[in-house]
Amino acid sequence: QSSLNFSSAVIKHKKGLNTYFHNKIKDLLKPGTVSTMTRLALVNAIYFKGNWMNRFDEANTKEMPFKVNQNETKPVMMMYQKKKLPYEYFPDHSVQILELPYMEEDLSMFILLPDESEDGSNPLPKLENELTQERLDEWTNRENMDIYSEVNVHLPKFKLEEDYELNEPLAKLGMTDVFCSAKADLSGMNGKGGLFLSTVAHKAFVEVNEEGTVAAAATTGMAQFCMFREPRFNADHPFLFFIRHNTTKSILFLGRFSSPQ
């Protein structure tokens, strides 16, 4: 917790935030977000860097086409390895699941790769609609996966960065009073009230390469006054991914890769 003069120390503290996130998240507080009326900035952040237990050899990384849709491909640097990795195909949902463990054994990245659709449409919406916590737990349970076969893995190197304004989603979840100056009660923070939340912004960064993953996320609140053939996992079309703490099953990062930049 720290106090600062928003009218004179904004640039200094923005640089401080960039340092906390190893310069992976920049401009979390966009120009114009902070004004002389700002009294409170709340920043909740997570930074993650993990090295693969089985790293990809850079010599095997080659440019290959990524199928954005039936009519469009884009070049992507595709990594490759052939290793024993937890893998399974679930035909009822037309999806392959691959686990890439990190050296910190409690952490893994999971890739959910749907089959390409017969009509050439994006297969991700169907997969996303079928996802439930119970189904995800079932699919990623080591007891339901083949852990003995070598898997031929093609996975793009990628870097994703997105930002979102969370006011509306939070309001839909019932968090409304805090955005209203007449109803918000944040007197516990300053002892006299008068504060209300004006903006909640979230920004996330994920980078996947041969060595592992770098990821960071931050949220700011602004207040104003089984197969028998050798498995092949070819992620050359849109897929979902998430990073999980396996002991608690807590998902730290979740995203989709639909197209190279």
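Throughout, the numbering used here is defined as the position within the sequence shown, counted from one, plus 1077.
All C-beta atoms in this analysis are idealised placements derived from N, C-alpha and C, irrespective of residue type, glycine included.
Here's the rule: buried if 16 or more other CB atoms are within 10 angstroms of the residue's CB, otherwise exposed. What is L1177?
Translated into positions along the sequence shown, residue 1177 becomes position 100. The residue in question, L1177, is buried, as its Cβ has 16 or more Cβ neighbours within 10 Å.
Beta-bridge partners of Q1158, as assigned by DSSP
As a position in the sequence shown, residue 1158 is number 81, starting the count at 1. Bridge partners of Q1158: V1230.
Go through the region 1144 to 1228 residue by residue and report every complete run of the beta strand (DSSP E) that reaches 3 residues or more, in order.
1149 to 1161, 1164 to 1167, 1172 to 1178 and 1184 to 1191
Please classify G1127 as buried or exposed, where buried requires at least 16 neighbouring CB atoms within 10 angstroms.
As a first step, residue 1127 is located in the sequence shown; it is residue number 50 there, counting from the start. It is buried - the Cβ of G1127 has at least 16 other Cβ atoms within 10 Å.
Using the DSSP secondary-structure output, state which residues sit across from P1142 in a beta bridge.
Within the sequence shown, the letter at position 65 stands for residue 1142. Answer by DSSP bridge pairing, in chain order: P1152.
For the alpha helix (DSSP H) containing S1264, name the first residue and the last one.
Working through the sequence shown from its first residue, we reach residue 1264 at position 187. First-last of the alpha helix (DSSP H) with S1264: S1264 to N1267.
Check whether the Cβ atoms of A1345 and Y1166 sit closer than 7 Å, and answer yes or no.
Because residue 1345 is not part of the residues shown, which for the chain are 1078 to 1338, the question remains open.
With a Cβ-Cβ cutoff of 7 Å, do M1155 and P1233 count as a contact?
In the sequence shown, the residue the question calls residue 1155 occupies position 78. In the sequence shown, the residue the question calls residue 1233 occupies position 156. It is a contact, given that the beta carbons lie within the stated cut-off.
With DSSP collapsed to three states, give me the class of A1259.
The residue you call residue 1259 lines up with position 182 of the sequence shown. Coil at A1259, not helix or strand.
Nonlocal neighbours in the same chain, by C-beta distance under 8 Å from F1305, ignoring five residues either side:
Locating residue 1305 in the sequence shown gives position 228, where the first residue counts as 1. With a pLDDT of 46 at F1305, under the threshold of 50, the modelled position of that residue is not reliable, and the figure given next carries that caveat. Once the five neighbours on either side are set aside, F1305 has no close Cβ partner at all.
Assuming the contact rule is C-beta atoms closer than 8 Å, Y1241 and H1279 should be a hit. Round their C-beta distance to whole Å, please.
The count along the sequence shown starts at 1 and reaches residue 1241 at position 164. The count along the sequence shown starts at 1 and reaches residue 1279 at position 202. Confirmed, Cβ separation roughly 5 Å.
Can you tell me whether S1198 is buried or exposed? The criterion is at least 16 other CB atoms within 10 Å of its CB, across all chains shown.
Along the sequence shown, read from residue 1 onward, the residue named residue 1198 stands at position 121. Exposed: under 16 other Cβ atoms inside 10 Å.
Selected residue, minimal CA-CA separation from N1323, among L1317, D1262, V1255 and Y1179
Reading the sequence shown from its first residue, position 246 is the one you call residue 1323. For N1323, the nearest C-alpha among the options comes from Y1179.
Which term fits M1266, buried or exposed, when burial requires 16 or more other beta carbons within 10 angstroms of its beta carbon?
For the purposes of this step, residue 1266 is taken as residue 189 along the sequence shown, with counting starting at 1. Exposed, because fewer than 16 other Cβ atoms sit within 10 Å of the Cβ of M1266.
Going by DSSP, name the residue or residues bridged to E1287.
Your numbering for residue 1287 matches position 210 in the sequence shown. E1287 is not bridged to any residue.
On the premise that E1215 lies in contact with N1221, defined as a C-beta separation below 8 Å, what is that separation, rounded to the nearest angstrom?
Looking up residue 1221 in the sequence shown gives position 144. Looking up residue 1215 in the sequence shown gives position 138. That belief holds up - the Cβ atoms of N1221 and E1215 are roughly 6 Å apart, short of 8 Å.
Contact check, F1133 vs E1227, beta carbons under 7 Å:
Taking the first residue of the sequence shown as 1, we reach residue 1133 at position 56. Taking the first residue of the sequence shown as 1, we reach residue 1227 at position 150. Going by C-beta atoms, F1133 is not nearer than 7 Å to E1227.
In this structure, what does DSSP give as the bridge partners for F1125?
Position 48 of the sequence shown holds residue 1125. A1292, per the DSSP bridge assignment.
Given a threshold of 16 other Cβ atoms within 10 Å of its Cβ, counted over all protein chains shown, does G1289 qualify as buried or as exposed?
Indexing the sequence shown from 1 puts residue 1289 at position 212. Label assigned to G1289: buried.
Could you pull the start and end residues of the beta strand (DSSP E) that F1339 belongs to?
Since the displayed the chain opens at 1078 and closes at 1338, residue 1339 lies outside it and no answer follows.
Where Q1158 falls, given that 16 or more other Cβ within 10 Å makes a residue buried
Looking up residue 1158 in the sequence shown gives position 81. So Q1158 counts as buried.
Give me the Cα-Cα distance between K1161 and Q1338, rounded to the nearest whole angstrom.
Walking along the sequence shown from the start, residue 1161 turns up at place 84. Walking along the sequence shown from the start, residue 1338 turns up at place 261. Straight-line Cα distance between these residues: approximately 30 Å.
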